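Residue 172 in my numbering sits at position 86 of the sequence shown; the count goes up by one each step and never skips. Single-structure report; data block below.
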Amino acid sequence: MTTTQSTSGAQVCPRCKRRRLVPSLSLYAGDKPVRLFFVLQAADPSGQPDPARRVMGSSPLVAGVCGACGHVELEAQEPDKVWAALVQAEG
Ligand SMILES: [Zn+2]
């Protein structure tokens, strides 16, 4: 997996507290952007997973990487799509 930086400006790392977190690195596997693929399945009234209430979706992922301690955090670039899938599954 390789990364490219799309923004500048270091942030404070949540682990080591140093201002070395390089944010919003685009992730690639080979030459393909990395995406989060997910399946949300709401439960029926008895609490069992309900296949009729299953929604799939995806979002590009970006990473913040600390240049001091190596901490990595991932972020979905399209969080609205993840939320919309939950609302649809539970609807
Ligand atoms: Zn750190």
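Glycine included, every Cβ here is placed at the ideal spot set by N, Cα and C. Keep in mind that this is a model prediction, so the values were computed, not measured.
What does the Cβ neighbour count give for residue 107, buried or exposed, with the cut at 16 atoms within 10 Å? buried
Got a sec? Which residues, its chain only, sit under 6 Å from residue 152 by beta carbon, not counting five neighbours each side? Around residue 152: 99, 106, 107.
Return the chain-ordered ranges of every alpha helix (DSSP H) run that is complete within the stretch 117 to 151 and spans a minimum of 4 residues. none
Any non-hydrogen atom of ligand 1 within 7 Å of residue 139 CB: no
Are the Cβ atoms of residue 139 and residue 128 separated by less than 8 Å? yes
I think residue 168 touches residue 143, with their Cβ atoms under 8 Å apart; what is that distance to the nearest whole Å? 7 Å
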